[in-house]
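Below: one structure, written as structure tokens.
In UniProt numbering, the protein residues as written are 1 to 180.
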């Protein structure tokens, strides 16, 4: 994320001037509406944690993010998909299962601008680990009208961890995961 060093984290970027701007407000690109030129608008989106959408729509207790890389989580997600008529062809990796569930239960409901934050680490191999929640990352995606228009994260720069994650992606690709 380009501004991560400047502000400390992706979360901090969303907190700039919160004493003046509320989530959901339409503000000018150069400041508040009196300072903008015609047609220059930006939107401060609502913010939501990645798993909040699942809890409300799927009505099941998800495993903790710190344990997402387990066989137990894979089995849980593998059962959850057919129970909710979500198709996920092989290979049924955790990242792929989560992606299919997100498409069905999160993206479909993102009409107004919303920033989905704190993605599971298993879905964000090049994002730095969350500073306070194990298993999550400092990543957000901005959605408007069911479309992802921004994907940003604080970049991982630990070469040892990068290598581990590259190797995991290579293993996933070797099993047929075409979205790696």
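The beta-carbon is built from N, C-alpha and C at its ideal position, and this holds for glycine as well.
Predicted model only: the values in this text are computed from it and were never measured.
- prompt: Is it a yes or a no for the region 153 to 172 touching the region 109 to 129, going by three-plus beta-carbon pairs under 8 Å?
  reply: yes
- request: Ignoring anything shorter than 3 residues or poking outside the region 79 to 165, list the beta strand (DSSP E) runs there in chain order.
  value: 114 to 117, 139 to 144, 147 to 153
field: Residues near residue 134 in its chain [Cβ-Cβ closer than 6 Å; skip 5 each side]
entry: 66
Touching by the beta-carbon criterion (3+ pairs, under 8 Å), the region 140 to 147 and the region 108 to 118: yes
message: Using a Cβ-Cβ cutoff of less than 6 Å, which residues in the same chain neighbour residue 95 once the five nearest sequence positions on both sides are dropped?
response: 122, 123
message: I need the straight-line Cα distance from residue 62 to residue 163, nearest angstrom please.
response: 28 Å
Local Cβ density within 10 Å of residue 30, reported as buried at 16 or more and exposed below that: With a pLDDT of only 40 at residue 30, under 50, the local geometry of the prediction cannot be trusted, and the value read off the model is given with reservation. Exposed is the call here.
task: Count the other C-beta atoms from every protein chain shown that fall within 10 angstroms of the C-beta of residue 59, then say buried if there are 16 or more, exposed otherwise.
output: exposed
message: Assuming the contact rule is C-beta atoms closer than 8 Å, residue 120 and residue 68 should be a hit. Round their C-beta distance to whole Å, please.
response: 5 Å
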